[in-house]
Amino acid sequence: MTNWTELDQNVRTWIHEAGERIRQSFKTELNIKTKSNRNDLVTDMDEATERYFTENIRTHYPDHQILGEEGYGDDFKELSGITWIIDPIDGTMNFVHQQRNFAISIGIYDGDEGELGYIYDVVHDELYFANKGKGVYMNDVKLPKLDPVPVEDAIVALNALWVTKNKRIDSSILAPLVQDVRGTRSYGSAAMELAYVASGRLDAYLTMRLAPWDFAAGKIMIEELGGVVTDLDGNPLNPLNKSSVFVGKPGLHETILTDYLHRNK
Numbered sequence: 213m214t215n216w217t218e219l220d221q222n223v224r225t226w227i228h229e230a231g232e233r234i235r236q237s238f239k240t241e242l243n244i245k246t247k248s249n250r251n252d253l254v255t256d257m258d259e260a261t262e263r264y265f266t267e268n269i270r271t272h273y274p275d276h277q278i279l280g281e282e283g284y285g286d287d288f289k290e291l292s293g294i295t296w297i298i299d300p301i302d303g304t305m306n307f308v309h310q311q312r313n314f315a316i317s318i319g320i321y322d323g324d325e326g327e328l329g330y331i332y333d334v335v336h337d338e339l340y341f342a343n344k345g346k347g348v349y350m351n352d353v354k355l356p357k358l359d360p361v362p363v364e365d366a367i368v369a370l371n372a373l374w375v376t377k378n379k380r381i382d383s384s385i386l387a388p389l390v391q392d393v394r395g396t397r398s399y400g401s402a403a404m405e406l407a408y409v410a411s412g413r414l415d416a417y418l419t420m421r422l423a424p425w426d427f428a429a430g431k432i433m434i435e436e437l438g439g440v441v442t443d444l445d446g447n448p449l450n451p452l453n454k455s456s457v458f459v460g461k462p463g464l465h466e467t468i469l470t471d472y473l474h475r476n477k
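Residue numbers for the sequence shown follow the numbering used here, beginning at 213 and rising by one.
Here it is as structure tokens:
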């Protein structure tokens with residue numbers, strides 16, 4: 213049987229150690245590579261950080277599965293037993309260009325149920341943590357349940373790309389939402405934006421395509437606080453599949469889904 217308290221303590225130790233290594237890397241020159249395109253960056257710190265986590269997990273929990281962005285995990289097709297879903301640096305472009313607005317993100321699932329979620333804002337030393345059934349915290353501060361908010365008072369995270377001509381969505385669908393909300397923001401890190409919805413700094417977040425390691429931890433947090441996590445069609449997310457992602461406070465999520473995303477359907 214898994215000792216979840218011990219596991220949590222190990223994760224916290226590893227996250228803070230990894231964070232310190234990343235902060236120390238600010239003093240050195242990074243080795244920067246591209247993946248799918250010139251804007252899809254990966255650095256030696258992304259790879260070293262994921263290796264650090266996978267090596268510790270394999271040493272302490274050899275029977276656990278690992279899904280990692282940089283490919284140091286396992287090859288599997290279904291969630292069974294305990295699975296760690298890891299993004300060593302979510303927001304690599306921010307890490308490279310700004311040295312801020314990026315995070316370590318780890319979601320731990322038992323079967324298809326999210327049990328523990330961690331999003332660590334390395335620069336600000338803010339650890340967002342979710343324990344299913346026991347609440348969500350930012351460092352030692354327990355976060356309140358998410359309250360409904362009307363569209364006109366909402367701050368929504370949305371990349372400006374989605375309201376210009378693009379390959380994934382008709383820009384005219386989201387333009388009215390941008391006009392009606394109080395404001396929009398884009399931080400360049402899905403994990404950070406999910407953590408900000410959990411903490412109330414944002415009210416909703418929409419994006420056309422994320423990988424599991426981008427949303428695995430944040431999904432646990434938002435749902436634990438009473439928020440809603442779906443794709444843009446309102447369907448549940450599969451923690452092993454890439455998907456569009458729409459998270460929002462209760463009430464606000466339904467309003468945006470019906471009055472904006474599906475208003476002509």
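Cβ coordinates follow ideal geometry from the N, Cα and C atoms, glycine included. Bear in mind the structure is a predicted one, so any value in this text is a computation, not a measurement.
On the CB-based measure, 16 or more other CB atoms within 10 Å of its CB, does residue i come out buried or exposed?
i: residue 169; result: This structure cannot settle anything about residue 169, because the visible part of the chain is limited to 213 through 477.
i: residue 267; result: exposed
i: residue 299; result: buried
i: residue 366; result: buried
i: residue 329; result: buried
i: residue 354; result: exposed
i: residue 255; result: buried
i: residue 403; result: buried
i: residue 359; result: exposed
i: residue 379; result: exposed
i: residue 274; result: exposed
Could you tell me which of the options sits nearest to residue i, measuring between CA atoms?
i: residue 445; options: 451, 324, 456, 435; result: 456
i: residue 324; options: 472, 213, 424, 223; result: 424
i: residue 442; options: 452, 465, 295, 376; result: 465
i: residue 459; options: 434, 231, 313; result: 434
i: residue 332; options: 449, 271, 235, 368; result: 235
i: residue 369; options: 316, 320, 397; result: 397
Hey, could you find the ends of the beta strand (DSSP E) residue i is sitting in?
i: residue 350; result: 347-350
i: residue 322; result: 315-322
i: residue 467; result: Counting along the chain, residue 467 falls outside any beta strand (DSSP E), though it belongs to the alpha helix (DSSP H) covering 464-468.
i: residue 442; result: 440-442
Who pairs with residue i in a beta bridge, going by DSSP?
i: residue 369; result: 397, 417
i: residue 338; result: 333
i: residue 280; result: 298
i: residue 328; result: 320, 343
i: residue 456; result: For residue 456, which the question treats as bridged, DSSP gives no partner whatsoever.
i: residue 354; result: 349
Along the chain, where does the alpha helix (DSSP H) containing residue i start, and where does it finish?
i: residue 219; result: 216-237
i: residue 266; result: 256-272
i: residue 308; result: 304-309
Next on the checklist: As an exercise, report each continuous beta strand (DSSP E) stretch of at least 3 residues that is fully enclosed by the stretch 375-432, in chain order.
Outcome noted: 395-397, 416-422
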